[in-house]
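Worksheet for the structure shown next.
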Amino acid sequence: MLEGVKHVFLILSGKGGVGKSTVSSQLALALKESGFKVGLLDIDLCGPSIPYLLNLEDKDVHQSCDGWVPVFTDKDQKLAVMSIGFLLKNRGDSVVWRGPKKTSMIKQFLEDVAWQDIDYLIIDTPPGTSDEHITAMENLRNIKCDGAIIITTPQAVAVDDVMREITFCKKTGIPVVGIVENMSGFVCPTCSECTNIFSSNGGVSLSEMVKIPFLTKIPIDPTIGRLADRGQSVLKIYPDSKIAQVFRKLVEEITKSKEA
């Protein structure tokens, strides 16, 4: 049930392996640390990594008279999480479903989770432009969706896939909030110099080409790796790091014109 949700953002990527779920989880945590009440919905049915990234793999969801009750990461219930990962017995279990069953589950996630009153709902989607995306769009049609944040990496192959994702958004009527270039150089932990391991500015060039705002670059930073599976925000654990500055900027970008 999305009636009590003030703002909805989709996190999209043209291909897998670009760090979409890491960005989704850290963005949700950053919004929570910024004082907002947040929901994080993982609809990547075949690769549900959000429970792992937030250290929630041992948690269970249950039904109430209002629908499924999400898992909360904190006692104050400022961050609520829903994922098919909570319905699987083991992390290694696979979801071997045909399209209709997948779309039915996503529809249930979008309609039957008791989010209560939250400021921001971040929806982590699977890569590409599959049935899952179309189902999400159909169910969000009657809900005010602020738009999509598209994650890419600097390489040309990733940027090409993102171009297809932008075309998908245009065809389905999803506004694109902006582009985030992830893995944009490696920050040396000793000297803080940034080295472009892949290439550079692919996301910037794409944003200029398609006239879509470029939100920020996220470098490869060991601090993010150290937070994997701990469920901790980079803003709280490493507040002075460059990566924390990046997520503060991202929060500012998506909240500056919103009344949460």
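If you're matching positions, the sequence shown starts at 3 in the numbering used here and goes up one per residue.
We treat Cβ as the ideally placed atom computed from N, Cα and C, and that holds for glycine.
Values in this document were obtained by computation on a predicted structure and should not be read as measured data.
- The straight-line gap separating the alpha-carbon atoms of S194 and S243 is approximately 10 Å.
- Scanning I120, P156, M139, S186 for the CA closest to the CA of A82 turns up I120.
- Cβ atoms of L217 and V10 stay farther apart than 8 Å, at about 17 Å.
- The beta carbon of C67 lies closer than 6 Å to none in the same chain, with the five residues before and after it left out.
- A straight-line Cα-Cα distance of about 28 Å links L42 and V212.
- Sequence-distant Cβ neighbours of T174 in its own chain, meaning closer than 6 Å and more than five residues away, are M139.
- One thing to note: N184 has its Cβ no nearer than 8 Å to the Cβ of I152.
- Secondary structure within the stretch 31-80: the beta strand (DSSP E) runs of 3 or more consecutive residues, fully enclosed, are 40-44, 64-66, 69-71 (chain order).
- In the DSSP assignment, D133 falls within the unbroken alpha helix (DSSP H) covering 133-142.
- A straight-line Cα-Cα distance of about 8 Å links C48 and P128.
- Distance from the Cα of R166 is smallest, within the candidate group S132, L4, Q79, for S132.
- When D44, L90, A158 are compared, the shortest CA-CA separation from F111 is found for D44.
- In this model, P215 and L33 are separated by some 20 Å (Cα to Cα).
- Using a Cβ distance threshold of 8 Å, L229 and T154 do not count as a contacting pair.
- The three-state secondary structure of L4, taken from DSSP, is coil.
- Straight-line spacing of the CA atoms in G180 and D162 works out to 16 Å.
- Counting of Cβ neighbours within 10 angstroms places K103 among the exposed residues, the total staying below 16.
- When DSSP states are grouped into helix, strand and coil, I214 belongs to the coil group.
- Between the stretch 20-36 and the stretch 48-65 there are three or more C-beta pairs closer than 8 Å, enough to call the two in contact.
- Taking every protein chain shown into account, the CB of G205 has 16 or more other CB atoms within 10 angstroms, so this residue is buried.
- About 5 Å separates the CB atoms of I176 and A150; that is less than 8 Å, so the two are in contact.
- DSSP, read as helix, strand or coil, puts K103 in helix.
- Note on geometry: alpha-carbon atoms of D76 and S85 lie some 17 Å from one another.
- Cβ neighbours of V178 within its own chain (closer than 7 Å, five residues either side excluded): G149, A150, I152, I168, C171, I214.
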